[in-house]
Amino acid sequence: MRPDGPERRRFSRRTTPGLGGRIGFLQPLRVLDLSAQGARVRTAEALSPARRYHFQLSTLQVTAAVARCALV
44 MRPDGPERRR
54 FSRRTTPGLG
64 GRIGFLQPLR
74 VLDLSAQGAR
84 VRTAEALSPA
94 RRYHFQLSTL
104 QVTAAVARCA
114 LV
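Using this note's numbering, read the sequence shown as starting at 44 and increasing by one per residue.
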């Protein structure tokens with residue numbers, strides 16, 4: 044249970060220290076945590092919710108939709 048309410052995620056998240064990648068060819072990203080169903084990433088530019096992006100993490104290439112984006 045989280046302090047602000049029950050955990051709603053189906054899969055637990057694992058922190059990923061040092062894991063980086065990019066969106067498309069140029070935009071770098073940092074993976075903050077990762078699960079079997081999603082990831083929390085940090086980028087220098089906002090991503091559009093519901094839009095699909097091409098992500099590259101090391102040698103893994105993935106196309107995924109953004110569920111949420113917040114300016115922090």
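Quick reminder that beta carbons are idealized off the backbone N, C-alpha and C, glycines included.
Could you give the first and the last residue of the continuous beta strand (DSSP E) run that contains Phe98? 95–100
Distance CB(Leu75)-CB(Arg83) smaller than 8 Å: yes
My guess is that Ala108 and Arg94 are in contact by the Cβ rule of under 8 Å, so how many angstroms apart are they, rounded? 7 Å
Pro60 in three-state terms, based on DSSP: coil
Pick helix, strand or coil for Leu75, following the three-state DSSP scheme. strand
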